[in-house]
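Student: Quick one: structure below, then a few questions.
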Amino acid sequence: MVISAFCGTGKSYLCEQSFDLKYIEFECWKYDQSEFPSNYVTDVLSRIGEVDIIFVSTNPMSLNLLIKSGVKVILIYPELQLKDEYLSRYINRCSSYDFIKTLSTYWEIWIRESMANKSCQHVVLTQGQYISDVLSQFIKESK
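Everything in the sequence shown is counted per the numbering used here, starting at 18 for the first residue and increasing by one.
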């Protein structure tokens, strides 16, 4: 299962915990940008079937390439009006000032990009929700 999830929704938390499922997270910023998104998508595709859930970025270029490769993606992002809650999450997890400033600046654009994506199944998180609050419905559906 491939889940494209917005920053601060709980991807890293799930990957760090020991649950019954195996998770892996692919972060765009770790990849050579001169070869992006093909290098990123190649790595993601190589791990399908090795773990239960693969978390990927909501970056539109990588997301579109994954979809064109035939991957079914579940897109998880917060409600548009939750900007302050998410900025607090970033501060509480000690994200860098530059990261927080970037998310603050582009919040509406990036959330609206997710909302406009017609190629994924959408899950919109409400106030106080994390991926872990909605994940069980997808696990049941995939079995």
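Ideal placement from N, C-alpha and C gives every residue a C-beta, glycine not left out.
Can you give me the C-alpha to C-alpha distance between glutamine 144 and serine 21, rounded to a whole angstrom?
Tutor: Translated into the one-based positions of the sequence shown, residue 144 becomes position 127. Translated into the one-based positions of the sequence shown, residue 21 becomes position 4. A straight line joining the alpha-carbon of glutamine 144 with that of serine 21 spans about 19 angstroms.
Student: Which residue wins for smallest C-alpha separation from phenylalanine 43, given the options Leu62, Trp124 and Asp37?
Tutor: Position 26 of the sequence shown, counting from 1, holds the residue named residue 43. The residue among Leu62, Trp124 and Asp37 with its C-alpha nearest the C-alpha of phenylalanine 43 is Leu62.
Student: Can you have a look at isoleucine 70 and say buried or exposed, based on whether 16 or more other CB atoms are within 10 angstroms of its CB?
Tutor: In the sequence shown, the residue the question calls residue 70 occupies position 53. Answer is buried; the Cβ neighbour count reaches 16.
Student: Below 7 angstroms between beta carbons: does that hold for glycine 27 and tyrosine 147?
Tutor: Along the sequence shown, read from residue 1 onward, the residue named residue 27 stands at position 10. Along the sequence shown, read from residue 1 onward, the residue named residue 147 stands at position 130. Yes, Cβ-Cβ distance for glycine 27 and tyrosine 147 is below 7 angstroms.
Student: Expressed to the nearest angstrom, what Euclidean distance is found between the alpha-carbon atoms of asparagine 76 and lysine 135?
Tutor: Numbered from its first residue, the sequence shown carries residue 76 at position 59. Numbered from its first residue, the sequence shown carries residue 135 at position 118. Taken atom to atom, the span from the alpha-carbon of asparagine 76 to that of lysine 135 is near 15 angstroms.
Student: Using a threshold of 7 angstroms, state whether the C-beta atoms of tyrosine 107 and glycine 25 are closer than that.
Tutor: Looking up residue 107 in the sequence shown gives position 90. Looking up residue 25 in the sequence shown gives position 8. For tyrosine 107 and glycine 25, yes; Cβs fall inside 7 angstroms.
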